[in-house]
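Peer 1:
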Amino acid sequence: MTDELTAIIADDEPVLRFHLKQMLGDVWSELDVAAMASSGDEAWQLIETVRPRVVFLDIKMPGMTGLDVAERMQQAGLTRECAVVFLTAYDEYAVRAFEHEAIDYLLKPVDEKRLEQTRDRILQRLTRPAPTQVDLSDLKRLLSRDGSRESLRWLNVQRGEDIHIIDVASVLYFLAEDKYTTVVTDEGEYLLRKSLKQLEAELDDQAFWRIHRSTLVQVARIDRVERSFSGQLKVHVRGARKPLGVSRRFAERFKTM
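So the sequence shown is numbered by the UniProt record's numbering: it starts at 1 and just counts up by one.
#1: Please report the straight-line C-alpha distance between residue 227 and residue 212, rounded to a whole angstrom.
#2: Is it true that the stretch 16-27 meets the stretch 114-122, where meeting means three or more beta-carbon pairs spaced less than 8 angstroms apart?
#3: Whose C-beta lies closer than 7 angstroms to the C-beta of residue 235 among residues of the same chain, with five residues either side of it excluded?
#4: Out of 231, 64, 29, 81, state which residue places its alpha-carbon closest to the alpha-carbon of residue 51.
#5: Output needed for residue 172: all residues of its chain with C-beta closer than 8 angstroms, excluding positions within five of it in sequence on either side, in chain order.
#6: How many Å lie between residue 65 and residue 42 at the Cα?
#7: Using only the alpha-carbon positions, how far apart do residue 56 and residue 176 sit?
#8: Assign residue 44 to one of three DSSP states: helix, strand, or coil.
#9: What is the residue span of the beta strand (DSSP E) that residue 175 lies within?
#10: How big is the Cα-Cα spacing for residue 17 and residue 206?
#11: Specify the secondary structure class of residue 93 as computed by DSSP and reduced to three states.
#12: Could you name the residues that DSSP lists as bridge partners for residue 201?
#13: Judging by CA-CA distance, which residue of 104, 89, 62, 60 is the nearest neighbour of residue 79?
#14: Is it true that the CB of residue 154 sits closer than 8 angstroms to the CB of residue 197?
#15: If you reduce the DSSP assignment to three classes, tell me which class residue 25 lands in.
#16: Under a three-way DSSP split, which group does residue 148 fall into?
#17: Output the distance between the C-alpha atoms of residue 232 and residue 254, rounded to the nearest integer angstrom.
#18: What residue does the beta strand (DSSP E) around residue 157 start on, and which one ends it?
#19: Based on Cα-Cα distance, which residue from 10, 19, 195 lies nearest to residue 165?
#20: May I have the straight-line CA-CA distance separating residue 30 from residue 123, to the nearest angstrom?
#21: Can the beta-carbon of residue 12 be found closer than 8 angstroms to that of residue 38?
#22: I need the boundaries of the beta strand (DSSP E) containing residue 234, first residue and last residue.
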């Protein structure tokens, strides 16, 4: 383990990774972000190679989760000299679970003042003897309760070369574009580097409905559903420039409306 202050950021959202790296450069210039990972498996490989002093781990990643990686770090004895910070979009209930276990976390989207607090806590921890290890299996059980189900609250999106963080509640609908997704809001359109299938799994299924293999619409934004003479359904969304077609496969749910 090196005495140099090095860090690894692991998150499956590239925009969030680079945004956090930029923020760390602003509030903690002495910290060298040596590498970034897009999955838990990649994060573990980098941790073994780099042996960082700080690791920022997204809770929900493909393959190994952030908690899985942290557990493996504990088993290998790496958390004694390496501070782990979880990145989470969990609700307040789950955040209390983190606080109960005395584990540091950053709620997405990351706030600069909160990041400064995390920096100070890490610096204090690294100058003290290693604390008692927490039981991450208990934390996993707490986070798996129904009350702590994770749904996306914020999106890291792009428009041109600019990066934006937008509230999911501001979205009118999502439109699939190959491996990417177009996000349509009152403020215009953005690009999200995530497939519609992956996005649907992370959204609240009561708040967003799939109406077509290429379209997810926010239910609260539906103004009316129009039926043509041929039986074709079209959804009129408040704020959208044109109605959205409903495929037969997904028309059933509108029969009760």
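Just so you know, even glycine gets a beta-carbon here, dropped at the ideal spot from N, CA and C.
Peer 2: The short version:
#1: 15 angstroms
#2: yes
#3: 211, 217, 222, 225, 243, 244, 246
#4: It is 81 whose Cα lies nearest to the Cα of residue 51.
#5: 184, 185, 186, 217, 218, 221, 237, 238, 239, 240
#6: 11 angstroms
#7: 30 angstroms
#8: helix
#9: 171-177
#10: 29 angstroms
#11: Its pLDDT being 47, under 50, residue 93 is placed unreliably by the model, and nothing is read from it.
#12: Looking at the DSSP assignment, residue 201 forms no beta bridge with any residue, so it has no partner.
#13: 104
#14: no
#15: DSSP places residue 25 in helix when its eight states are reduced to three.
#16: Here residue 148 scores only 45 on pLDDT, less than 50, and its place in the model should not be relied on; the value that follows carries that caveat. Residue 148 falls in the helix class under three-state DSSP.
#17: 12 angstroms
#18: 154-159
#19: 19
#20: Cα atoms of residue 30 and residue 123: separation of roughly 11 angstroms, rounded to the nearest angstrom.
#21: yes
#22: 233-237
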